[in-house]
Amino acid sequence: MLRYSLKRLISLCLSLAVASVVIFAVIEVAPGDPASFMLGVNAQPDTLAALRAELGLDVPKHERYFNWVGGMLTGDFGTSYTYRTPVSDMIADRMWVSLPLALYALTLSTAIAFPAGIYAASRRGKPGDIAVMGATQLGIAVPNFWFAMMLVLIFAINLRLFNAGGFAGWEDGIWTGLHSLTLPAIALALPQAAILARVMRSALLDILGEDFMRTARAKGLSRRQALWRHGVRNALIPVLTIIGLQFSFLLAGAIIIEQVFYLPGLGRLVFQAISSRDLIVVESVVMLLVFAVIIVNFLVDLAYAAVDPRLRSRT
Amino acid sequence: MSRNLILGACLSSLVVLAALISFVWTPYDHAALDIPAKLQPPDAQHWFGTDHFGRDMFSMIMVGARTSIAVALVAVGIGMALGVPLGLTAAARKGSWLDELIMRGNDLVFAFPSLVIAILITAVFGAGAINAIIAIGIFNIPVFARITRGAALSLWEREFIMAARVAGKGAARISAEHILPNVANLLIVQGTIQFSLGILAEAGLSYVGLGAQPPTPSWGRMLADAQTMVGIAPHLALIPGFAIILTVLGLNLMGDGLRDWLDPRIRVARA
Amino acid sequence: MSLLAITNLSLSVHAAGILKDVSLSIDPGQIVAVTGESGSGKSMTALAVMQLLPNGARTAGSVLLDGKELLDRPEAEMCALRGASIGMVFQEPMTALNPVKTIGDQVMETILIHKAMPKDQAQDRAREVLTRVGLPPDKFPLGRYPHELSGGQRQRVVIAMAIALRPRLLIADEPTTALDVTTQAQILDLLKGLVSEYGMGLLMITHDLAVVAGMADRIVVMRRGEVVETGPTRHLLANMRHPYTRMLFEASSHQVSLPDATGRAPLLALNGVVRDYRLPRTKLFGDPGHHRAVDNVSFTLNRGERLGLVGESGCGKSTLTRAILGLEDVQQGQILLDGQPVFAGHRPNLEVRRKMQVVFQDPFGSFNPRHRVARLITEPFHLLQAPPTGSERQDRIAEMLTAVGLTPEDAGKYIHEFSGGQRQRIAIARALITRPQLILFDEAVSALDVSVRAQILDLLAELCAAYDLTYLFISHDLSVVRTITDRVMVMRAGRIVEQGETEQVFSDPQHPYTRALIAAAPRLPDFGRGAA
Numbered sequence: 009m010l011r012y013s014l015k016r017l018i019s020l021c022l023s024l025a026v027a028s029v030v031i032f033a034v035i036e037v038a039p040g041d042p043a044s045f046m047l048g049v050n051a052q053p054d055t056l057a058a059l060r061a062e063l064g065l066d067v068p069k070h071e072r073y074f075n076w077v078g079g080m081l082t083g084d085f086g087t088s089y090t091y092r093t094p095v096s097d098m099i100a101d102r103m104w105v106s107l108p109l110a111l112y113a114l115t116l117s118t119a120i121a122f123p124a125g126i127y128a129a130s131r132r133g134k135p136g137d138i139a140v141m142g143a144t145q146l147g148i149a150v151p152n153f154w155f156a157m158m159l160v161l162i163f164a165i166n167l168r169l170f171n172a173g174g175f176a177g178w179e180d181g182i183w184t185g186l187h188s189l190t191l192p193a194i195a196l197a198l199p200q201a202a203i204l205a206r207v208m209r210s211a212l213l214d215i216l217g218e219d220f221m222r223t224a225r226a227k228g229l230s231r232r233q234a235l236w237r238h239g240v241r242n243a244l245i246p247v248l249t250i251i252g253l254q255f256s257f258l259l260a261g262a263i264i265i266e267q268v269f270y271l272p273g274l275g276r277l278v279f280q281a282i283s284s285r286d287l288i289v290v291e292s293v294v295m296l297l298v299f300a301v302i303i304v305n306f307l308v309d310l311a312y313a314a315v316d317p318r319l320r321s322r323t
Numbered sequence: 388m389s390r391n392l393i394l395g396a397c398l399s400s401l402v403v404l405a406a407l408i409s410f411v412w413t414p415y416d417h418a419a420l421d422i423p424a425k426l427q428p429p430d431a432q433h434w435f436g437t438d439h440f441g442r443d444m445f446s447m448i449m450v451g452a453r454t455s456i457a458v459a460l461v462a463v464g465i466g467m468a469l470g471v472p473l474g475l476t477a478a479a480r481k482g483s484w485l486d487e488l489i490m491r492g493n494d495l496v497f498a499f500p501s502l503v504i505a506i507l508i509t510a511v512f513g514a515g516a517i518n519a520i521i522a523i524g525i526f527n528i529p530v531f532a533r534i535t536r537g538a539a540l541s542l543w544e545r546e547f548i549m550a551a552r553v554a555g556k557g558a559a560r561i562s563a564e565h566i567l568p569n570v571a572n573l574l575i576v577q578g579t580i581q582f583s584l585g586i587l588a589e590a591g592l593s594y595v596g597l598g599a600q601p602p603t604p605s606w607g608r609m610l611a612d613a614q615t616m617v618g619i620a621p622h623l624a625l626i627p628g629f630a631i632i633l634t635v636l637g638l639n640l641m642g643d644g645l646r647d648w649l650d651p652r653i654r655v656a657r658a
Numbered sequence: 015m016s017l018l019a020i021t022n023l024s025l026s027v028h029a030a031g032i033l034k035d036v037s038l039s040i041d042p043g044q045i046v047a048v049t050g051e052s053g054s055g056k057s058m059t060a061l062a063v064m065q066l067l068p069n070g071a072r073t074a075g076s077v078l079l080d081g082k083e084l085l086d087r088p089e090a091e092m093c094a095l096r097g098a099s100i101g102m103v104f105q106e107p108m109t110a111l112n113p114v115k116t117i118g119d120q121v122m123e124t125i126l127i128h129k130a131m132p133k134d135q136a137q138d139r140a141r142e143v144l145t146r147v148g149l150p151p152d153k154f155p156l157g158r159y160p161h162e163l164s165g166g167q168r169q170r171v172v173i174a175m176a177i178a179l180r181p182r183l184l185i186a187d188e189p190t191t192a193l194d195v196t197t198q199a200q201i202l203d204l205l206k207g208l209v210s211e212y213g214m215g216l217l218m219i220t221h222d223l224a225v226v227a228g229m230a231d232r233i234v235v236m237r238r239g240e241v242v243e244t245g246p247t248r249h250l251l252a253n254m255r256h257p258y259t260r261m262l263f264e265a266s267s268h269q270v271s272l273p274d275a276t277g278r279a280p281l282l283a284l285n286g287v288v289r290d291y292r293l294p295r296t297k298l299f300g301d302p303g304h305h306r307a308v309d310n311v312s313f314t315l316n317r318g319e320r321l322g323l324v325g326e327s328g329c330g331k332s333t334l335t336r337a338i339l340g341l342e343d344v345q346q347g348q349i350l351l352d353g354q355p356v357f358a359g360h361r362p363n364l365e366v367r368r369k370m371q372v373v374f375q376d377p378f379g380s381f382n383p384r385h386r387v388a389r390l391i392t393e394p395f396h397l398l399q400a401p402p403t404g405s406e407r408q409d410r411i412a413e414m415l416t417a418v419g420l421t422p423e424d425a426g427k428y429i430h431e432f433s434g435g436q437r438q439r440i441a442i443a444r445a446l447i448t449r450p451q452l453i454l455f456d457e458a459v460s461a462l463d464v465s466v467r468a469q470i471l472d473l474l475a476e477l478c479a480a481y482d483l484t485y486l487f488i489s490h491d492l493s494v495v496r497t498i499t500d501r502v503m504v505m506r507a508g509r510i511v512e513q514g515e516t517e518q519v520f521s522d523p524q525h526p527y528t529r530a531l532i533a534a535a536p537r538l539p540d541f542g543r544g545a546a
């Protein structure tokens with residue numbers, strides 16, 4: 009177990025290192041000099057040089073890369089080209105909108121998908137299964153941001169149960185914050201839940217054909233007991249893979265959906281930064297998103313080992 | 388052929404047909420402004436109504452289908468053209484450093500959602516439909532590499548591959564002659580699914596302004612335009628939404644139907 | 015009154031008839047063996063008793079357990095019976111256990127699901143039955159997972175689960191087919207012991223007539239869903255009335271007469287061959303360790319000779335086969351075919367490969383399903399510098415198909431149009447088409463029914479006469495190797511422990527392992543003269 013975890017941890021660090029090089033290299037390709045962009049065309053050469061030094065642009069590329077990575081490790085993400093404020097401050101507030109939203113949606117999607125998938129598998133071919141499968145087929149086809157607009161139209165504009173947009177913040181307590189994230193989370197979660205439910209169902213149906221399920225039935229377990237006691241845990245192995253993948257979709261989806269609900273998250277920040285060519289903000293946000301995805305996949309790898317004893321002993 | 392396959396194929400061909408017809412005919416010029424006739428609900432004149440500039444929604448949907456299909460199709464092409472050879476290579480050299488490199492590279496790309504790739508590209512090169520194609524295409528590469536490798540690995544264990552090796556055939560020849568034809572069905576099915584995911588991703592990217600730029604019509608941007616008016620003119624949001632849903636639904640049904648239809652095990656059982 | 019009485023049981027699945035008027039009965043303490051080839055319906059009979067039939071199954075007739083009808087029992091009552099009154103053991107121990115649950119939990123589940131006793135007592139009972147089946151908890155704690163056990167040990171766990179509640183009836187569906195002969199003998203002894211100790215009835219399903227003859231009190235022979243003959247074992251073996259029964263027993267001990275081996279010139283020579291595999295690391299730092307699959311193997315195969323290689327699973331015979339075929343390099347030693355190395359400078363030597371071909375075990379996985387027979391059997395032409403073309407190629411295809419008992423018209427068909435035995439014929443045609451000097455048969459008849467196996471063995475003997483074959487016949491089946499080879503080698507843990515003239519080795523084995531192997535292999539009685 010320890011060896012397995014360490015191996016995954018090393019692979020996590022490698023992924024992060026390579027990802028940071030890729031992101032840095034892509035941003036480096038961008039034409040133009042940030043300093044002259046900030047000061048405009050009429051800048052004096054000496055003020056330009058001073059600013060370049062201030063921004064850390066006057067050193068060779070590889071040194072700049074290590075300064076960037078080293079800075080991030082100590083929480084210093086550099087200075088925004090547009091606002092001249094530390095990027096870490098700009099990100100810190102926004103992050104506490106986007107990440108909770110993605111996690112909230114992941115929780116919702118799992119909570120919906122597991123029962124739906126298990127229910128459908130246990131009623132294979134019967135009306136209940138067909139109904140769930142039809143609903144998921146539709147769910148997969150719905151773009152989450154469009155679904156979000158429909159939710160706003162129904163629950164905010166017509167029924168007035170939720171605010172159409174904006175974020176109340178966490179200062180007034182966790183429930184106020186969650187309440188303003190609920191509609192966006194539902195919009196994100198339902199289409200993902202449709203995918204997850206289908207995976208859960210098909211994984212379970214595969215497991216139902218396994219020899220050990222027949223053994224369980226021969227012991228005197230009913231169909232349902234066999235499904236719950238022997239099926240679900242084995243089906244978790246493929247389902248976990250999808251949950252890991254889904255987090256990256258949910259994070260990306262969260263950034264899109266923030267636009268529908270006017271949420272002050274990373275999405276707003278990064279789209280503003282793109283239009284104002286504030287590349288250092290883009291670079292940092294992208295790194296943060298990739299970091300989150302890699303961490304979640306690391307956790308999924310650990311979860312595998314918890315579910316599957318074969319992985320633990322292979323260590 | 389199952390009902391799913393027929394229904395899916397009909398829906399998908401309807402969209403493709405609309406896109407093709409739009410090259411020669413649309414009810415109105417999709418870009419023609421007609422401010423006095425703005426925000427009209429669907430009626431006999433404008434089948435899908437008009438938008439806030441009085442443009443004919445039906446024509447815009449038809450032309451928008453072009454963008455969606457082109458982006459998703461080229462992205463699937465990129466994914467297949469690069470991912471399939473990578474997957475075949477990794478499987479043929481299972482356990483080697485090359486396999487390891489390809490699979491670790493795959494994991495790395497999976498850590499970059501299409502949206503993040505699109506953000507990076509747009510930040511550096513500016514916005515455009517090409518960005519969407521590249522972003523979705525890059526994301527498709529590991530999808531195809533992984534599915535090809537998985538299927539190829541189980542084929543490499545089969546005795547007919549051993550027989551081909553005993554017949555002196557090299558890994559490249561075996562991959563082309565024995566492996567690829569036997570994974571082709573799987574790739575067709577996955578291609579259909581990635582196509583539908585591509586349509587969704589393109590809509591999302593256009594919605595946040597990272598995809599096709601004006602004046603090229605796209606379903607995602609129509610939704611972005613509709614957002615502020617959804618309370619007074621719901622059809623602006625409903626119609627492009629339904630267009631996306633029906634297209635994706637059609638492709639997914641077709642993919643499911645193809646999977647059942649092409650799966651020899653199921654077909655033999657049916658015969 | 016019989017413990018189990020099946021009367022006129024008929025079964026159809028989706029309107030396809032599977033069983034027709036099957037009748038048999040089992041008394042307490044009795045072992046009844048149901049035997050027959052694939053498609054005879056023997057496993058379906060067992061599943062019908064358990065009422066674990068596939069969807070769409072319809073049954074008629076009667077299955078009485080202790081005088082009570084099972085066929086119309088509601089599912090809830092059947093659940094109460096399964097595991098408690100009827101236990102079942104399956105063929106494939108590697109997949110019959112849930113990989114994510116401990117063996118203790120899985121054995122205890124049988125007890126707990128029937129609420130037979132409280133949890134702590136159930137745990138004691140689980141320890142007790144695991145000890146009884148030969149897995150004492152001090153060596154095999156209840157917390158072990160299935161992947162930590164060997165196939166034979168897993169089958170013991172499956173048996174422990176089946177007998178935990180001392181059922182009155184035990185059903186064993188090919189319980190030893192997936193196991194090695196020595197393990198098979200132990201498991202069969204265990205089952206026999208349990209039957210006499212607990213007074214259970216045992217319904218044993220097996221295709222292996224030698225196992226049947228050694229185990230059963232009564233034999234039921236089935237063919238295509240019908241019972242063709244039944245009777246007490248000794249009586250039935252002595253007076254087989256039905257021609258199918260006779261054919262089945264004859265085919266099981268089928269003997270072929272090989273033409274005399276010609277020539278004495280060495281063709282294949284192995285010299286101190288070693289094949290190591292790197293093991294996955296078990297410690298974070300330190301040597302990953304090696305597994306020596308083939309350990310210092312040397313032998314010579316002469317031209318015109320038929321050499322056998324026997325051994326149990328994991329002994330290294332498959333690895334050795336791949337090394338000889340030049341599919342994998344070896345770490346030490348040399349493999350020379352006709353004087354030339356099969357691997358030259360870490361690359362397979364095509365010159366040499368041209369001179370060998372192989373026939374594999376699985377008649378279903380050996381062919382690309384997308385190619386026609388003509389293309390399939392001409393694949394080895396790839397090795398030739400000037401492969402025949404046009405009418406010459408057609409003639410070769412026609413000749414080979416005829417030689418293996420098919421027709422030239424079969425060249426245009428796809429592989430799924432053929433039965434398992436026909437596919438194995440096509441595999442032989444593919445191996446022969448380049449007239450190789452050496453053919454390797456890798457478990458080539460192991461997956462076939464006995465009657466088909468007998469035909470393929472006959473075909474080999476004919477081909478030996480017609481083409482003067484030299485081959486290496488790799489198999490775990492001693493009786494087959496005995497009849498189809500001139501010389502035999504016995505392999506164990508990567509080493510050749512004994513080799514010699516086939517008859518000599520079988521009648522007077524020298525190495526203790528060879529003796530154990532031969533002793534463990536179930537034997538058919540000499541039924542021709544009656545088994546008195």
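Protein chains in written order, with our numbering: chain A, 9 to 323; chain B, 388 to 658; chain C, 15 to 546. Glycine included, C-beta positions come from ideal geometry on N, C-alpha and C. A quick note: this is a predicted structure, and the numbers were derived from the prediction, not measured.
query	result
Minimum Cβ-Cβ distance from N509(B) to chain A less than 8 Å	Residue 509(B) is actually Thr in this sequence, not Asn. Closer than 8 Å to some Cβ of chain A, the Cβ of T509(B) qualifies, so yes.
The stretch 115-126 of chain A contacting the stretch 291-300 of chain A, beta-carbon criterion three pairs below 8 Å	no
Burial state of A546(C) (16 or more Cβ within 10 Å)	Its pLDDT being 34, under 50, A546(C) is placed unreliably in this model, and the value from its coordinates should be taken loosely. Its Cβ having fewer than 16 others within 10 Å, A546(C) is exposed.
For H385(C), three-class secondary structure by DSSP	coil
Entirely enclosed beta strand (DSSP E) segments - the stretch 287-340 of chain C, minimum 3 residues	304-316, 320-324
Three-state secondary structure assigned by DSSP to V344(C)	coil
Contact set for L350(C): own chain, Cβ-Cβ below 6 Å, skip 5 residues either direction	A283
Which of helix, strand or coil DSSP assigns to P68(C)	coil
beta-carbon M9(A) near the ligand GDP non-hydrogen atom, thresh 7 Å	Here there are no bound small molecules, and the ligand GDP is not part of this structure.
Cutoff 8 Å: V403(B) Cβ touching any chain A Cβ	no
Complete runs of the alpha helix (DSSP H) confined to the stretch 232-317 of chain A [at least 4 residues]	240-269, 274-283, 287-315
Neighbour list for I245(A) in chain B, Cβ cutoff strictly below 8 Å	Within chain B, no residue comes near I245(A); the closest Cβ sits about 15 Å away, beyond 8 Å.
Neighbour flag for N639(B) against chain A, beta carbons, 8 Å	yes
Best match in L179(C), V63(C), L205(C) for proximity to G148(C) [C-alpha to C-alpha]	L205(C)
Interface flag, R552(B) vs chain C, CB-CB below 8 Å	yes
Simplified DSSP state of A176(A), which is helix, strand or coil	coil
Where the alpha helix (DSSP H) containing Y12(A) begins and where it ends	10-37
Under 9 Å by beta carbon: chain A residues contacting R96(C)	R225, A226, K227, G228, L229
Minimum Cβ-Cβ distance from V172(C) to chain F less than 8 Å	Absence of chain F from the displayed structure is noted, the protein chains being A, B and C.
Cut-off 6 Å between Cβ atoms - residues of its own chain near L189(A), not counting five sequence neighbours on either side	L109, Y112
Residue nearest to T603(B) in terms of C-alpha spacing, selected from M449(B), S399(B), A431(B), T437(B)	M449(B)
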